[in-house]
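For reference, the structure is listed below as structure tokens.
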Amino acid sequence: MARKKLGVLISGRGSNMQALIDAARAPDYPAEVAIVISNVPGAAGLARAAEAGLPVITIDHRKFGKGADAKHLFEAALHQALEEAGAEIVCLAGFMRLLSGSFAGRWYGRMVNIHPSLLPAFKGLDVHAAMLAAGVKIAGCTVHYVSAEMDAGPIIGQAAVPVLAGDTAESLAARILAAEHQLYPECVRRVALGQAH
């Protein structure tokens, strides 16, 4: 069986990218990382990917200026790099840029994201503090297809994580991240096998 080629987009340390790299080391895993792209020069995840022998590139969104034209040009460069690498599935792994509806549409059904809450609750940023402020007893993470609306695409999988007495945003984030590292490779496996609907 031919393994599906993954394009992984990162902006930071790339811990979920690492989880995908580790999963792909198994001979029966149905996908492999074909390229890692960061929009942040010097992102820690780039060094991790390079150490794993993977092709890495940086497409700095700031080089394209500001405004709608800049976003269009940045996304055109992103799309070209993914196409040239033969990416069949795009995995957002701590990628901190909102993608346009046209980019999301172009990759719809082939682009996935992991989010540190049980969607549809707690979309966007700073979700760990928001969950604690709301007093939730169960937190978690969600892998979903990327759609034009932020954190709103069809859900592929979720993992629940208990909120403990005395949790801080940092301690809760660490517990959720551990669950993310299990959930993301499993959901990407299902996408690669055509079993995620």
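Read in my numbering, the sequence shown has 25 at position 38, and its numbers run on one by one without any break.
Beta carbons: idealized from backbone N, C-alpha and C, even for Gly.
Residue-chain proximity (residue i, chain D), Cβ-Cβ < 8 Å
i	result
residue 164	Any reference to chain D falls outside this structure, which holds one protein chain only.
Short Cβ contact (8 Å threshold) for residue i with residue j
i	j	result
residue 138	residue 111	yes
residue -6	residue 11	no
residue 30	residue -9	no
residue 103	residue 163	yes
residue 2	residue 82	no
residue 119	residue 156	yes
residue 76	residue 175	yes
residue 7	residue 172	yes
residue 177	residue 143	yes
residue 80	residue -4	yes
residue 32	residue 0	yes
Sequence-distant residues of its chain with Cβ nearer than 8 Å to residue i (five each side left out)
i	result
residue 46	24, 25, 26, 61, 64, 65 and 68
residue 105	125, 126, 127, 128, 129, 145 and 147
residue -12	17
Which residues DSSP lists as bridging residue i, in chain order
i	result
residue 78	-5 and 99
residue 19	-8
residue 24	-4 and 44
Proximal residues to residue i (C-beta, below 6 Å), its chain only, five neighbours per side dropped
i	result
residue 88	135
residue 133	91, 98, 100 and 140
residue 39	8
Residues of its chain near residue i, where Cβ-Cβ distance is below 7 Å and the 5 sequence neighbours each way are ignored
i	result
residue 169	146
residue 5	35
residue 114	103 and 104
residue 123	150
residue 183	143, 174 and 177
residue 158	none
residue 109	117 and 118
residue 28	45 and 47
Closer than 7 Å: residue i CB and nearest the ligand ADP heavy atom
i	result
residue 61	Among the components modelled here there is no ligand, and therefore nothing to report on the ligand ADP.
- Counting only runs that start and end within the segment 108 to 139, where is the beta strand (DSSP E) found for 3 or more residues in a row? Fully enclosed beta strand (DSSP E) runs of 3 or longer: 125 to 132.
- Query: Hey, which unbroken runs of the alpha helix (DSSP H) at 4 residues or more fall wholly within the segment 140 to 179?
  - Reply: Complete alpha helix (DSSP H) runs here, min 4: 156 to 179.
- Message: Ignoring anything shorter than 4 residues, give me the alpha helix (DSSP H) runs that lie fully in the segment 29 to 58, in order along the chain.
- Response: Fully enclosed alpha helix (DSSP H) runs of 4 or longer: 31 to 38.
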